[in-house]
Amino acid sequence: MSFPWANEYKPSHPFMQWMDERLPVPRLVYNAVGAGYPVPRNLNYWWNFGFMALICLTIQIVTGIVLAMHYAANAGIAFDSVEHIMRDVNWGWLMRYVHANGASAFFVVIYIHIFRGFYYGSYKAPREMVWLLGVVIFLLMMATAFMGYVLPWGQMSFWGAKVITGLFGAIPLVGEPLQQWLLGGFAPGNAALNRFFSLHYLLPFVIVGVVVLHIWALHTPGSNNPTGVPVKSESDTVPFYPYFIAKDGWTVGAFLFVLAALTFFAPNLLGHPDNYIPANPMATPAHIVPEWYFWPFYAILRAFTQNFLFFDAKLLGVLAMFGSILIWFFLPWLDKSPVRSATYRPLYRKFFWVLMVAMAVLFYCGGKPAEEPYVVMSQLATLYYFAHFLIIVPIVSSIERPDPLPYSITEAVLDEDEGAALSPAQ
Amino acid sequence: MAEEAVTDTPELAAGDGVRRRDFINLAAVSAAGVGGLATLVPLVSQMSASADVLAASSTEVDISAIKPGQSIKAIFRDQPLFVRNLTPAEISEANKVALGDLRDPQTLADRTKEGKENWLITMAVCTHLGCVPLGGGEGEPRGEFGGYFCPCHGSHYDTAARIRKGPAPLNLEVPEYEFTSDTVVKIG
Chain L
908 MSFPWANEYK
918 PSHPFMQWMD
928 ERLPVPRLVY
938 NAVGAGYPVP
948 RNLNYWWNFG
958 FMALICLTIQ
968 IVTGIVLAMH
978 YAANAGIAFD
988 SVEHIMRDVN
998 WGWLMRYVHA
1008 NGASAFFVVI
1018 YIHIFRGFYY
1028 GSYKAPREMV
1038 WLLGVVIFLL
1048 MMATAFMGYV
1058 LPWGQMSFWG
1068 AKVITGLFGA
1078 IPLVGEPLQQ
1088 WLLGGFAPGN
1098 AALNRFFSLH
1108 YLLPFVIVGV
1118 VVLHIWALHT
1128 PGSNNPTGVP
1138 VKSESDTVPF
1148 YPYFIAKDGW
1158 TVGAFLFVLA
1168 ALTFFAPNLL
1178 GHPDNYIPAN
1188 PMATPAHIVP
1198 EWYFWPFYAI
1208 LRAFTQNFLF
1218 FDAKLLGVLA
1228 MFGSILIWFF
1238 LPWLDKSPVR
1248 SATYRPLYRK
1258 FFWVLMVAMA
1268 VLFYCGGKPA
1278 EEPYVVMSQL
1288 ATLYYFAHFL
1298 IIVPIVSSIE
1308 RPDPLPYSIT
1318 EAVLDEDEGA
1328 ALSPAQ
Chain P
5 MAEEAVTDTP
15 ELAAGDGVRR
25 RDFINLAAVS
35 AAGVGGLATL
45 VPLVSQMSAS
55 ADVLAASSTE
65 VDISAIKPGQ
75 SIKAIFRDQP
85 LFVRNLTPAE
95 ISEANKVALG
105 DLRDPQTLAD
115 RTKEGKENWL
125 ITMAVCTHLG
135 CVPLGGGEGE
145 PRGEFGGYFC
155 PCHGSHYDTA
165 ARIRKGPAPL
175 NLEVPEYEFT
185 SDTVVKIG
């Protein structure tokens, strides 16, 4: 980061100086999360979720590698191997429950992290690359989670795989051959399970790589802040270490408390009981639903029930479902407002909350059977969802009259407390 | 409170007492450290033998049907096992051998349980290169010393399954076992 007042890395120990001349990793860490990275001093707790997401990723990788020591990816024994983990492996039940609930926790954290971006304009210039990389990370997470859920080879594993791989069949011309190529067969089976295991192990490390780029892309212009006003002087910032290490440490503690409460006292709350039944290709469960974090997108998929021109309903649903995430890529250019933060955008703020309500409706409908009234509710919510990004955001950002912005972060912080005086950060 | 933050100097003279912030810092880092160590325990322990492996690490053998002079072969930890009921003649023959004559000196008493010297329980793995010796089944050759005979390279074991002739360096291994009753032996 190129703020001129940033603390400089000055190793005092001779070994650290030796290291710095040959492979400056300590310098990299110092400048990324140490005292060398100045951060706006007014960040609120919505900014803690990025660090928390990194903790989630670490937990998933560690528990995942450990589970992979005991899991068998063959369709004949996969389900049994998971029961072996739960019953025979030392602490296996804990590893499995932490991994499963950790995945849910990961998605909670990431949704809050993304919605923070929507509200505070984190996707706007000069942070477009941070945003684009973030959407890529989200897509990779969804692929990883989907494949991971298939691995226990329960009823929901199998039928979820059937539905989602079946979507590829909707693509005109190449759909069927593509689907069979992906599956290595005509339906999810041993071939699909084995390759899902391989890819499920691989993708988290791809995610790590993209996260590194994501953080690099953030640290180049520096962090945004709740006012959206850029950093102007030294009094606007504090060094990441110790202030935000401490603050992030606190929320990581709170997060682990919640994860522990879920893991130890309600480990199957967020799961579907049908996944404790071994996969049976001959018997379809009454209601096939994915894990809760996919419900909004599942609702969009199922909202399309009518054919339109030469697009059949299935294809429309698929396009809309992928489109609902791909549209986020265009947000920096759909939103034309020069003001970043919704704090100072009264009209945009209202529509942000309507979007949150629409997503809540989609979430709710996604977990329900594909019957009325949930179908019409999904359709209305989907309509709003796309209208929000394609129509409302561009128009509102052009015509809106924002509130007056504070001159600087320092001014915004001081204004809140009449008697405050800023002492220089140590 | 604001006064303290602005006028408090970072350098404290020694003996001024622990500052609140230092106490909180130390307590938090210590708690995190204990948490970290506690997290490590399951991660390391999960690699140790799981319950099903441990369950297979013990085998119970019913010896009620084995008459004096008979022996059976069983499986213990995926390897063959000899359970033999020695005749009184076999026992006295074993006890007559001088320890100095043995490559791997052990008495029969060393290799059996007190009060149960007729029960000879050994691994059926030749200590040379691992073949299964003959002599555990009906009609099999028992070698020059009346115990077991390994056909691979000609190792001869006596009635106490001790090596007497041939390339094997050690007596047939006696695994850990105990009599859970007069008719059942738990090996391992």
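Protein chains in written order, with the numbering used here: chain L, 908 to 1333; chain P, 5 to 192. Each residue gets a CB set at the ideal place from its N, CA and C atoms; glycine is no exception.
Inter-residue CB distance, L:I1114 and L:M1048 (contact presumed, cutoff 8 Å): With a Cβ gap of about 7 Å, L:I1114 and L:M1048 count as contacting.
Per-residue contacts from P:D82 into chain L (C-beta, under 9 Å): Within chain L, no residue comes near P:D82; the closest Cβ sits about 17 Å away, beyond 9 Å.
Identity of the residues DSSP links to L:R934 by a beta bridge: Answer by DSSP bridge pairing: none, since L:R934 is not bridged.
Reference L:H977; option with closest CA among L:H991, L:Q967 and L:V969: Checked all of L:H991, L:Q967 and L:V969; the closest Cα to L:H977 is L:H991.
Candidates L:V973, L:A939, L:P921 and L:V1246, of which the one nearest L:R1003 by Cα: It is L:V973.
Chain P contacts from the segment 976–1003 of chain L (Cβ-Cβ distance under 9 Å): From the segment 976–1003 of chain L, only M976, H977, H991, I992, R994, D995, V996, N997, W998, G999, L1001 and M1002 have a Cβ closer than 9 Å to chain P.
Rounded C-alpha distance that separates L:G1096 from L:K1221: Rounded to the nearest angstrom, the two C-alpha atoms are 23 Å apart.
Amino acids of chain L, ordered along the chain, whose beta-carbon sits closer than 8 Å to that of P:D108: In chain order: nothing, as chain L lies at least about 37 Å away.
Delimiting residues of the beta strand (DSSP E) encompassing P:C154: It spans G150 to C154 - the beta strand (DSSP E) in which P:C154 sits, taken as one unbroken run.
Chain-ordered neighbours of L:V969 on chain P, where CB pairs are closer than 8 Å: Chain-ordered, the chain P residues with CB closer than 8 Å to the CB of L:V969 read L47.
P:L85 Cβ short of 7 Å to the ligand COA heavy atom set: Of the ligands one can find in the structure shown there are none, so the ligand COA has no counterpart to examine.
Secondary structure of L:M1266, DSSP reduced to three states: Helix, per DSSP.
Contact between the segment 150–157 of chain P and the segment 105–112 of chain P (3+ Cβ pairs under 8 Å): Cβ pair count under 8 Å is below three, so no.
Within 8 Å, strictly: CB atoms of L:R994 and P:A55: It is a contact, given that the beta carbons lie within the stated cut-off.
Test: P:A31 CB closer than 8 Å to a CB of chain L: Chain L, which has no Cβ nearer than 8 Å to the Cβ of P:A31, makes this no.
CB of P:S191 within 8 Å of CB of P:V65, strictly: Ser is not the amino acid found at residue 191 of chain P; the sequence shown has Ile there. It is a contact, given that the beta carbons lie within the stated cut-off.
P:D114 - DSSP class collapsed to helix/strand/coil: Judged by DSSP in its simplified three-state form, P:D114 adopts helix.
Residue-level contact to chain L via CB, P:A98, 8 Å cutoff: Contact with chain L is absent for P:A98, since none of that chain's Cβ atoms lies less than 8 Å from the residue's Cβ.
Per-residue burial, L:R1023 [other beta carbons within 10 Å of its own, 16 or more giving buried]: Around the beta-carbon of L:R1023, 16 or more other beta-carbon atoms lie within 10 Å, marking it buried.
Alpha helix (DSSP H) segments (min. 4 residues) lying fully within the segment 966–1010 of chain L: Listed in chain order, they are 985–994.
Sequence-distant residues of its chain with Cβ nearer than 6 Å to P:M5 (five each side left out): Only weak support exists for where P:M5 lies, its pLDDT of 44 falling under 50; the value from the coordinates is given anyway. Once the five neighbours on either side are set aside, P:M5 has no close Cβ partner at all.
Contacts of L:V973 in chain P (Cβ-Cβ under 7 Å): Against chain P, the beta carbon of L:V973 has neighbours under 7 Å at L47 and Q50, listed in chain order.
Per-residue contacts from P:S198 into chain L (C-beta, under 8 Å): Nothing about residue 198 of chain P can be reported from this structure: the residues present for chain P run from 5 to 192 only.
Buried/exposed call for L:T965, threshold 16 Cβ in 10 Å: So L:T965 ends up on the exposed side.
L:G1196 versus L:W1038: straight-line alpha-carbon distance, rounded: Before going on, a small fix: residue 1196 of chain L reads as Val here, not Gly. If you take the alpha carbons of L:V1196 and L:W1038, they lie about 29 Å apart.
P:L133 vs P:A164 beta-carbon contact at 8 Å: P:A164 sits away from P:L133, with the two beta carbons spaced by 8 Å or more.
Which of helix, strand or coil DSSP assigns to P:Y181: DSSP places P:Y181 in strand when its eight states are reduced to three.
Beta-carbon separation (whole angstroms), L:G1224 vs L:F1204, contact threshold 8 Å: Not a contact, Cβ separation roughly 10 Å.
The segment 1139–1151 of chain L touching the segment 1309–1325 of chain L, judged by at least three CB pairs closer than 8 Å: Taking 8 Å as the limit for Cβ pairs, the verdict is that the segment 1309–1325 of chain L does touch the segment 1139–1151 of chain L.
Buried or exposed by the 16-neighbour rule on C-beta atoms within 10 Å, applied to L:S919: Under the 10 Å beta carbon count, L:S919 is surrounded by fewer than 16 other beta carbons and is classified as exposed.
Under the three-state DSSP convention, the category L:M1228 falls into: DSSP, read as helix, strand or coil, puts L:M1228 in helix.
CA nearest to the CA of L:W1060, picked from L:N1182, L:P1276 and L:L1074: Ranked by Cα distance from L:W1060, the first of L:N1182, L:P1276 and L:L1074 is L:N1182.
From L:F1162, L:A1249, L:E915 and L:P1313, residue whose alpha carbon lies closest to that of L:G943: Of the listed residues, the one whose Cα sits closest to L:G943 is L:E915.
Boundaries of the alpha helix (DSSP H) in which L:V1320 is found, first to last residue: Note, L:V1320: alpha helix (DSSP H), I1316 to D1322.
Check whether L:A975 and L:Y1056 have beta carbons under 8 Å apart: No.
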